[in-house]
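Heads up: the structure comes next, in C-alpha cells.
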Amino acid sequence: MVNRIIKNNINRNTAVSLGVDYTVLFTLFSVLFLLQFIFREFLFYVAPFMPSSGVNMTALELVGTFSIFGLEVIIPFLLYLIRIPMRTVYLVILTTMLWGGTLLSFIYPDYYMTTPWLIGSITVASLTMLSLIIVIYELGRRSAPLIPLIILQFASLILYVADVLTEYFAIPLGGLGPYFVYPMLYLAGIGGLVLTAYTIYPLLTGRFNIKVLVSYIIAALVGFAMAYPLYQLTIYNSFMSHIMSMVFAMGLGVLAPPSYMPLLAVFMGMYIYAIIALSINGIVSKSPIMYTIAVASLIYLTTAFMTHALIATFASIVLVSNALIFINRWEKMGVR
Amino acid sequence: MENLYKILYKEKLIKNDIIRITMRGTRLLTILTIVLVIVIGMLAMFYPVPLAQAPSGIVAYKVVGSANLAAPGTESFWKNIPAYNVSLVPNLSQQMIPISYNVPTSGLVPYVLVKAAWNGTDIIILMEWPDPYGPSYAGPASIAGPEDWAVVYNPNGPLNMTFLELLTSTFNESYFVINASYAVIEGLPRTMEYVLAYVTPHYGVYFYGFYVNLSAGYYYPDRAAIMWYMGSQQSPSDCMNIGAEYSNFEVSGELGQLMQSYIGSNVITYTGGSLSSGAANIWEWISGGTDPQGDNFNYFTNVTWDVENGIDQSAAEQFATNPHGFFINLFVNQTGLYDVGDGGIWYPNATGPEPGYFDGYTGAVYENGYWIVEFVRPLQSSMPDTVNLVPGNTYDVAFAVWIGKAGETTWDKSISPSFVPLTISTSPPPKPSVSVIPSAVVIVAAIGIVIAIVAIGLVYYSIRRRAG
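Protein sequences appear in the order of chains B and Y.
Numbering-wise (our numbering), the first sequence opens with residue 56 and increments by one.
Numbering-wise (our numbering), the second sequence opens with residue 11 and increments by one.
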C-alpha cells in the first residue's frame with residue numbers, strides 16, 4: 056500500500072518534471088536536428104540545381120546554420136539533464152570538443168590537424184560507438200527496431216576511424232571503404248523494414264486506441280504523399296529516375312543505380328511513415344521512448360552516409376543514444 | 011514532496027539518481043538554454059562562426075626534400091605518408107550521368123592510390139593506378155594522333171543502318187561496318203557524344219567504346235587528371251563528370267527532328283556535364299603529349315609550333331632549352347571546359363598566352379603493371395583560372411584516369427564519384443618510428459585503442475550503474 060502511494064507520487068511528479076524541462080529541450084533538439092538536416096545537409100548539395108528564380112536558397116541555408124549552432128548549444132545542456140552513468144564523461148569531452156574547436160579556430164586555425172585534436176576525435180568516435188553498444192545493452196529487446204540502424208551507424212564510425220588512422224597516423228587502412236558500400240545499403244533497407252514492422256506490431260496485437268490509430272493513418276498518408284510522387288516520377292520516366300538518383304547521391308549520400316529509384320521511394324516512404332507514426336504515437340500515448348526511437352532512427356540513418364566532418368554529428372548521435380538509455384531506465388522504474 | 015524524495019533517496023528506496031532531477035528547479039536552465047540557442051544561432055547567421063571540425067580526407071604533409079621526377083614515388087619522404095585509396099567508377103554509367111544504359115568499356119580502373127606532400131614552395135601529388143594493358147605513348151587525337159573513332163553497336167540485334175547513316179551524315183563523318191551489330195564511326199565530335207548518349211539508343215544505336223587496334227598502333231594516350239574545385243559550395247557533387255563545351259548547339263535536319271521527340275528540342279541545352287557546382291582547375295597529364303616519352307611531346311619542344319598555338323613565346327623558348335614532363339591546365343565551369351594559357355589546343359581558350367604555361371612538372375614511370383605519376387607545382391598560382399594553394403587550407407579534389415590501350419579517351423574514363431577533401435597540413439608526416447614494427451601489429455594496436463576506450467567505458471558504465 057505504502058509502496059503504491061510512493062510510486063504514484065513519483066509517477067505524477069516525475070512525469071511533470073519530464074514534461075517541463077527534458078521534454079521541451081529534447082523536442083527542441085529533435086526539431087533543430089531535422090531543420091539542420093533539411094536546410095543544411097540536404098539543401099547545401101541540392102540548392103545549386105534548383106531554379107534560381109524560386110525561393111531564396113541562401114536564406115533557407117541560414118535556417119540550417121541557425122539549427123546546427125542551436126544543436127551545439129542544446130546538446131551540452133541536455134547531456135547535463137540526462138542523468139545516466141558516465142554522464143559527466145560525455146558532458147566534459149563533448150562540450151570541450153564542440154566549443155573548444157570553435158574557440159581554437161580563432162586562435163590556431165590548424166587545430167584539427169594536431170595530434171591532441173586527432174586523439175580527441177578518435178576518442179569522440181569511440182565514445183559514440185560506446186553509447187551505441189550501451190543502447191543495445193540497456194534496452195535489450197526494446198532496441199530491436201533500431202538494431203539495423205545501430206549497426207549501420209557503427210559501420211560508418213568504423214570507416215571514419217579507419218580514414219583518420221590512414222591519413223593521420225600512417226596506418227594503411229584506406230582500402231576498407233569499398234567493402235562497406237553494399238552492406239550499408241542493405242542495412243539501411245532492413246532498418247526501414249524493421250522500423251515499419253515495429254510500428255505495425257501493436258496494430259496486430261490489438262494494443263492500440265483510437266488516437267494511435269489516427270496517428271498511424273496520418274503518418275501513412277504523409278509517407279504516401281511524399282513517396283508516391285517520387286515513385287510515379289521514376290517508375291516510368293527513365294530521365295527523372297536518373298535525376299533523382301543524383302539528388303539521392305548528393306543530398307543523402309546514398310549512391311544507388313537509377314533503376315532502383317522506385318524502390319528507394321518505397322523505402323523513403325516507409326521511413327517517413329515510421330518516424331512520423333512513432334513521433335505522434337509517442338506524444339499521444341505519452342510514451343517518451345517511442346518518440347526517442349523515432350528521433351534516434353532519424354539521426355542514425357541520416358548521419359550514416361555522410362562524412363563525419365563535424366563534432367556536432369558525433370555529439371548528436373551520442374545524445375540521442377543516451378536519451379534512449381535515460382528514458383528506458385526511467386520507464387523501467389514504472390514511471391510513465 | 012521534495013523532502014519525501016530526499017528521504018527515499020537516502021534510504022536507497024529510490025535506487026537511481028535520475029529522480030534527483032525532479033527535485034531541482036530546472037525551469038530556469040531550460041529558459042536559459044532556449045535563449046542561448048536563439049542568441050548563438052542568430053549570431054552564427056550573421057557572423058561566420060566556425061564549427062568544430064573532425065579531421066577527414068587526404069593530407070598533404072610538410073616534408074623536407076624535393077621531387078625526383080626521374081623516379082617518381084621513390085623519394086624518401088613518401089615512405090612516411092600512407093596512400094589514400096580513391097575508388098573510381100565509370101564515367102559513362104547510369105550512376106554518373108543520366109543515360110539509359112551503361113557503356114561496357116567505360117571505367118576500367120577500379121582505384122587510384124594518392125599521396126600528397128609539400129616542401130615549402132611546391133605541392134607534390136603522387137598517383138598510382140593499375141594498368142594491365144601496358145603503357146601507351148600514343149599522341150593525343152587533337153595534336154596529331156588518330157582521331158577518336160567510336161564503336162557503336164546494338165546489343166539487341168542488328169544495327170539500324172538507316173539511322174546510322176543519318177547520324178554520321180549529320181556530323182559529316184564516315185563509318186565502316188564490322189558485322190551486323192557493330193560499326194565504327196571515323197571520328198566523334200564532342201557534340202555527337204551528347205547525341206550518342208541521349209538520343210541514338212532510342213533508335214537501336216548504342217555507344218560501345220572507342221575503336222582500338224593494338225597491332226596497327228591504333229589506340230589512345232594514357233592520362234591522369236586532378237581537379238581542384240574553386241567554387242563556393244561545401245563538398246560539391248559532380249566533380250570529374252565533365253564533357254562537351256557546346257551548350258546551345260543545334261542539331262539540324264532530320265536528326266534534329268528525331269531528337270526533339272526524345273529531348274523535347276533539337277538544341278543541346280545540357281552542357282555535357284560541365285561542372286554545375288562552380289569553377290574548377292584541372293591538371294591533366296597526357297602520356298602521349300606532356301610526357302617526354304610521348305609520341306607528340308616534340309610538338310611542345312618546338313617554339314614555332316607553340317607560338318602558333320597561342321603559347322607564350324618566352325615560356326616556349328625556355329621549355330625548348332630545358333624540356334620536362336608537365337601537365338596542362340584546364341578550367342571548367344557551368345558553361346564548359348577551357349584551355350588555360352594557350353590559344354585553345356584541346357578546348358576553347360580561357361586566357362591566351364601565359365608565361366606560366368610550363369610551370370607544372372610531372373614525372374611518370376610504368377612498372378609492374380602500375381602507372382606512377384607525380385605532379386609538382388608551385389603552391390602559388392602562376393596563371394589566371396588556376397588554383398592558388400595556401401598551407402593550412404582544405405580543398406576539394408577529384409581524380410580521373412584513362413587507359414589508352416583499352417580505348418579510354420575523352421569522356422570514356424574512370425572517375426572519383428565525389429570530391430575528396432585535401433588538407434595542406436603545416437606539420438610533418440606522422441613519426442616514422444612505428445615503421446620498424448610490422449604494419450599488422452600497428453593496425454591491431456590502433457584498433458585496440460578504440461576497442462580499449464569502448465571496453466573501459468563499458469566496464470566503467472557497468473560499475474557506475476550498479477553503484478547507482
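Yeah, the Cβ is synthetic: ideal placement off N, Cα and C, and Gly gets one too.
Only a predicted model underlies this, so the values are computations on that prediction, with no experimental measurement involved.
For L347 of chain Y, the enclosing beta strand (DSSP E) begins and ends at L347 to D349. In the assembly as shown, R384 of chain B is a buried residue. Its beta-carbon has 16 or more other beta-carbons within 10 Å. The C-beta of G274 of chain Y comes no closer than 7 Å to any C-beta of chain B.
G119 of chain B is outside the set of residues whose beta carbon lies under 7 Å from a beta carbon in chain Y. With a 10 Å radius around the Cβ and a threshold of 16 neighbouring Cβ atoms, L204 of chain B comes out buried.
Residues of chain Y with a Cβ closer than 8 Å to the Cβ of I188 of chain B are, in chain order, V464 and L468. Taking all protein chains in view, the Cβ of I466 of chain Y is surrounded by fewer than 16 other Cβ atoms within 10 Å, so the residue is classified as exposed. According to DSSP, residue pairing for W293 of chain Y in a beta bridge involves Y:I236 and Y:N339. The Cβ-Cβ distance between L187 of chain B and S376 of chain B falls below 7 Å. Using a Cβ-Cβ distance cut-off of 8 Å, the region 385 to 404 of chain Y and the region 427 to 438 of chain Y are in contact, since at least three pairs of beta carbons, one from each stretch, lie closer than that value. Under the DSSP assignment, F220 of chain Y falls in the beta strand (DSSP E) whose first and last residues are Y216 to F220.
For G402 of chain Y, the residues of chain B that pass the 7 Å Cβ criterion are P164 and D165, in the order they occur in the chain. Taking C-beta atoms as the reference points, G219 of chain Y and V162 of chain Y fail to come closer than 7 Å. By the Cβ test, the region 257 to 270 of chain Y is in contact with the region 172 to 190 of chain Y, since at least three Cβ pairs between them sit closer than 8 Å.
Proximity of chain Y to P140 of chain B at the Cβ level (cut-off 7 Å) is accounted for by Y471, R474, R475 and G478, in chain order.
The C-beta distance from W356 of chain Y to E203 of chain Y rounds to 14 Å, too long to fall under 8 Å, and the pair is not in contact. For F84 of chain B, no beta strand (DSSP E) segment is defined; the enclosing uninterrupted segment is the alpha helix (DSSP H) at T78 to Q91. Counting only Cβ-Cβ distances below 9 Å, E96 of chain B has no contacts in chain Y at all, with the closest Cβ about 10 Å away.
At a cut-off of 7 Å between beta carbons, V350 of chain B makes no contact with chain Y. Under the rule that a run must span 3 or more residues, the beta strand (DSSP E) segments found entirely inside the region 385 to 454 of chain Y read 404 to 412 and 430 to 434.
Excluding its 5 nearest sequence neighbours in each direction, Y253 of chain B has C-beta neighbours in its own chain below 6 Å: P200, listed in chain order. Among the residues of chain Y, those whose CB is under 8 Å from the CB of G156 of chain B are P60, L61, A62 and Q63, following chain order.
Checking the DSSP bridge columns, you'll see K387 of chain B has no partner listed.
Bounds of any alpha helix (DSSP H) do not take in D141 of chain Y, whose DSSP letter is neither H nor E.
Those residues of the region 209 to 230 of chain B placed with their C-beta closer than 8 Å to a C-beta in chain Y are Y215, V216, D218, V219, L220, T221, E222, Y223, F224, A225, I226, P227, L228, G229 and G230, ordered along the chain. Excluding sequence positions up to five before and after T396 of chain Y, its CB lies within less than 7 Å of the CB of N291, N339 and V350, all in the same chain and listed in chain order. At a Cβ-Cβ threshold of 7 Å, V383 of chain Y and M137 of chain Y count as neighbours. The criterion of a C-beta distance shorter than 7 Å is satisfied by M141 of chain B and Y471 of chain Y.
For Y355 of chain B, the number of other beta carbons within 10 angstroms of its own is at least 16, and it is reported as buried. DSSP lists no beta-bridge partner residue for I226 of chain B. When the Cα atoms are used, Y223 of chain B and I91 of chain Y turn out to be separated by approximately 9 Å. Rounded to the nearest angstrom, the gap between the Cα atoms of A114 of chain B and G144 of chain Y is 53 Å. In the three-state scheme derived from DSSP, where H, G and I count as helix and E and B as strand, E260 of chain Y is classed as strand. In this chain, the beta strand (DSSP E) harbouring I68 of chain Y covers I68 to K72.
The C-alpha of I372 of chain B is placed about 21 Å away from the C-alpha of I50 of chain Y. L173 of chain B reaches chain Y at P65, counting residues in chain order whose Cβ is nearer than 9 Å.
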